[in-house]
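Participant: Next up is a structure, given as structure tokens.
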Amino acid sequence: MKRMRILITAGGTREAIDPVRFLSNGSSGRMGVSLARVAQRLWHEVTLITAPTELKPSKGVKVIPVVSAAEMFEAVKKQFPRCDCLIMAAAVSDYMPTKVSSTKLHKGSGELVIRCKPTTDILAWAGKHKGDRILVGFVLEDQNLLSRAEEKMAAKNLDLVIANMPETIGQTKAVVHIKNGKKPWVRMQATKQAIAARILRSVEQISEMKDILKLTGE
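Below, the structure is given as structure tokens:
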């Protein structure tokens, strides 16, 4: 198997409200860090763009720390041209506050209303600029999981999609459904390390098939 340049994102981004508060989610970053560890052990060149997390990748993994969705987008855009595969395992915030207070907001007697605007859809951007790269995305849904995952797979031009429920957030084990192109869904219940290994095997298979098609001119 050829050595690939794999770009992985991990963790939950934080969108500042004021200097001490932020909007975020419960992502531990475990899935993304597990992917980076396994990819590095398979001798691939790994770059990990990570939102705040206590977990550490293996030695030899290039780490780019970010905080917000905007910072992650800029980091992905910078690294994307030289990668062979992008695995978007990060839980990127869908919304960010329209205004960030420069000073700490103090408690008052009334309600606090925070107006938000959508963040950039990083994976959708990558799908539009894909080229020959392999794109892997994660879908988290609490209803119509597989049908919505298939919709996102088509809309964002993904080669591989991993669908899971909110219960997997922050856990060491998970139940996921994996879809490789037009192949049937595969259900897997295992540790995130084992799931990471399965995902990377699929990525390698996709890469091998792409190389074969290039050689045969198809």
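Mapping of the sequence shown onto the working numbering: residues 2 to 219, in sequence order. Note that the Cβ used here is the ideal one computed from N, Cα and C, for glycine as well. Here the structure is a predicted model, which means the values were calculated and not measured.
1. Report back the beta-carbon spacing between Pro58 and Arg31 to the nearest angstrom; my notes put them in contact at under 8 Å.
2. Please state whether DSSP places Glu112 in a helix, a strand or coil.
3. Assuming the contact rule is C-beta atoms closer than 8 Å, Glu97 and Thr120 should be a hit. Round their C-beta distance to whole Å, please.
4. Relative to the alpha-carbon of Val137, which residue among Glu151, Thr54, Asp212 and Pro53 has its alpha-carbon at the smallest distance?
5. Apart from the five residues just before and just after Thr169, which ones in its own chain have a Cβ nearer than 6 Å to its Cβ?
6. Do you know whose CA, among Ser148, Leu159 and Ala155, lies nearest Asn165's CA?
7. So, helix, strand or coil for Arg188, using DSSP?
8. In the DSSP assignment, the beta strand (DSSP E) including Ile50 goes from what residue to what residue?
9. Here's the rule I'm using: 16 or more other beta-carbon atoms within 10 Å means buried, otherwise exposed. How should Leu216 be labelled?
10. Report the rounded CA-to-CA distance for Arg42 versus Lys183, giving the unit in angstroms.
11. Got a sec, what are the start and stop residues for the alpha helix (DSSP H) Lys57 sits in?
12. Which two residues bound the contiguous beta strand (DSSP E) that contains Leu87?
13. When the Cα atoms are used, what is the spatial distance from Ile9 to Val21?
14. Look up Pro98 in the DSSP assignment and give the residues it is bridged to.
Facilitator: Looking at the atomic coordinates:
1. As a position in the sequence shown, residue 58 is number 57, starting the count at 1. As a position in the sequence shown, residue 31 is number 30, starting the count at 1. In fact, because the Cβ distance is near 11 Å, the residues do not count as touching under 8 Å.
2. Residue numbering aside, residue 112 sits at position 111 when the sequence shown is read from its first letter. Reduced to three states, the DSSP call for Glu112 is coil.
3. Residue 97 sits at position 96 when you count from the first residue of the sequence shown. Residue 120 sits at position 119 when you count from the first residue of the sequence shown. With the sequence shown as reference, residue 97 is identified as Met, and Glu is not the correct amino acid for it. Contact flag correct, Cβ pair sits at about 5 Å.
4. The sequence position of residue 137 within the sequence shown is 136, counting from 1. Checking every option, the nearest Cα to that of Val137 belongs to Glu151.
5. The residue labelled residue 169 in the question sits at position 168 within the sequence shown. Here the set comprises Ala175.
6. Within the sequence shown, the letter at position 164 stands for residue 165. The option with the nearest alpha carbon to Asn165 is Ser148.
7. Position 187 of the sequence shown, counted from the first residue, corresponds to residue 188. It is a strand residue.
8. Working through the sequence shown from its first residue, we reach residue 50 at position 49. Glu46 to Thr51 is the span of the beta strand (DSSP E), which, as asked, contains Ile50.
9. Position 215 of the sequence shown, counted from the start, is the residue given in the question as residue 216. Exposed, by the Cβ-count rule.
10. As a first step, residue 42 must be located in the sequence shown, where it is residue number 41. As a first step, residue 183 must be located in the sequence shown, where it is residue number 182. If you take the alpha carbons of Arg42 and Lys183, they lie about 28 Å apart.
11. Counted from its first residue, the sequence shown places residue 57 at position 56. Note, Lys57: premise wrong, no alpha helix (DSSP H); not H, not E.
12. Against the sequence shown, residue 87 aligns to sequence position 86. Start and end: Cys86 to Met89.
13. Within the sequence shown, numbered from 1, the residue matching residue 9 stands at position 8. Within the sequence shown, numbered from 1, the residue matching residue 21 stands at position 20. Using only the alpha carbons, I get a separation of about 28 Å.
14. Locating residue 98 in the sequence shown gives position 97, counting from the first residue. Paired residue(s): Cys117.
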